[in-house]
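Per numbering that gives the first Met the number 0, the sequence shown starts with residue 0, numbered consecutively.
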Amino acid sequence: MQCLKSLLTFKDADGILRIKKKLLMRGDNENFKVPIVLPSDLHVVKILILCKHQDLGHPRVQFLMVALRENYWIVKCRRTVKKETRNSSTMDLYKIKSIDNTELNKRLVYRKRLMSDLLARFRYEYLGRLHQRSRIRKQMYIPKIGDIVLIWNDNLKRIYWSLGRILSVIQAKLE
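What follows is the structure, encoded as structure tokens:
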């Protein structure tokens with residue numbers, strides 16, 4: 000416990016060795032403000048590291064250390080975490096590589112079928128309703144003298160079109 004001499008350590012009411020952090024005045028969890036000191040050679044520490052590693056989805060060393068330091072201060076934490084997670088990662092890679100290709104192919108076929116079903120349903124239900132709705136709209140705007148209108152210009156965006164006032168209406172003959 001030579002490395003703890005530079006840190007502020009104390010024993011709490013239960014006789015547990017803890018470290019005082021600079022965050023004593025915050026309203027956080029007590030274990031976050033004053034984490035428990037654990038030596039790295041305990042079997043419990045190794046199990047704690049592996050459980051946290053698995054719970055967090057096999058993160059990298061730095062992320063795992065931050066998560067552990069919310070409640071515990073492990074002596075020689077980086078070295079211990081690296082050592083314990085090295086074996087866990089290789090075992091998980093071996094498990095992933097050993098998965099049968101037929102299982103993966105079944106999953107892929109299922110996902111493709113699901114996507115095609117969703118696309119077909121979208122086409123029939125949603126797009127079909129959009130088409131039906133356009134038929135209902137039969138009213139047409141009839142311009143009158145004095146109305147303010149936009150003057151169409153293909154070379155400009157609609158926001159830059161000029162405004163105009165209708166001075167006269169010319170009736171066209173439709174064939």
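Virtual Cβ for every residue (Gly too), placed ideally from N, Cα, C.
Predicted model only: the values in this text are computed from it and were never measured.
Under 8 angstroms between C-beta atoms of residue i and residue j
i	j	result
Ile18	Leu7	yes
Val147	Leu162	It should be noted that the sequence gives Ile, not Val, for residue 147. Yes, they are a contact pair.
Val60	Val43	no
Trp160	Asn152	yes
Rounded distance between the beta-carbons of residue j and residue i, thought under 8 angstroms
i	j	result
Lys10	Ser39	Not really, about 20 angstroms apart at Cβ, beyond 8 angstroms.
Leu63	Lys51	6 angstroms
Ile35	Trp72	7 angstroms
Asn70	Phe31	7 angstroms
Neighbour-count burial assignment, residue i, 16 or more Cβ in a 10 Å radius
i	result
Leu149	exposed
Ser133	Any answer about Ser133 is weak, because its pLDDT of 48 lies below 50 and its placement is not dependable; what the coordinates show is given next. Its Cβ having fewer than 16 others within 10 Å, Ser133 is exposed.
Val65	exposed
Ser168	Residue identity check: residue 168 is Val in the sequence provided, not Ser. When all chains shown are included, Val168 counts as exposed.
Val240	For the chain, the structure presents residues 0 to 174; residue 240 sits outside this window and is missing.
Leu103	exposed
Leu67	buried
Sequence-distant residues of its chain with Cβ nearer than 8 angstroms to residue i (five each side left out)
i	result
Arg164	Gly145, Asp146, Ile147, Val148
Glu175	Residue 175 is absent from the model: the chain starts at 0 and stops at 174.
Lys143	Ile165, Val168
Leu55	Phe62, Leu63, Ala66
Arg77	Val60, Met64
Residues near residue i in its chain [Cβ-Cβ closer than 7 angstroms; skip 5 each side]
i	result
Ile158	none
heavy atom of the ligand SAM below 7 angstroms from residue i C-beta
i	result
Arg17	Absent from the structure shown: the ligand SAM. Ligands present: none.
Residues near residue i in its chain [Cβ-Cβ closer than 6 angstroms; skip 5 each side]
i	result
Leu37	Val44, Tyr71, Ile73
Arg85	none
Could you pull out every unbroken alpha helix (DSSP H) segment of at least 4 residues lying fully inside the segment 39–113, listed in chain order?
DSSP runs (the alpha helix (DSSP H)) wholly in the segment 39–113: 42–54, 60–67, 76–96.
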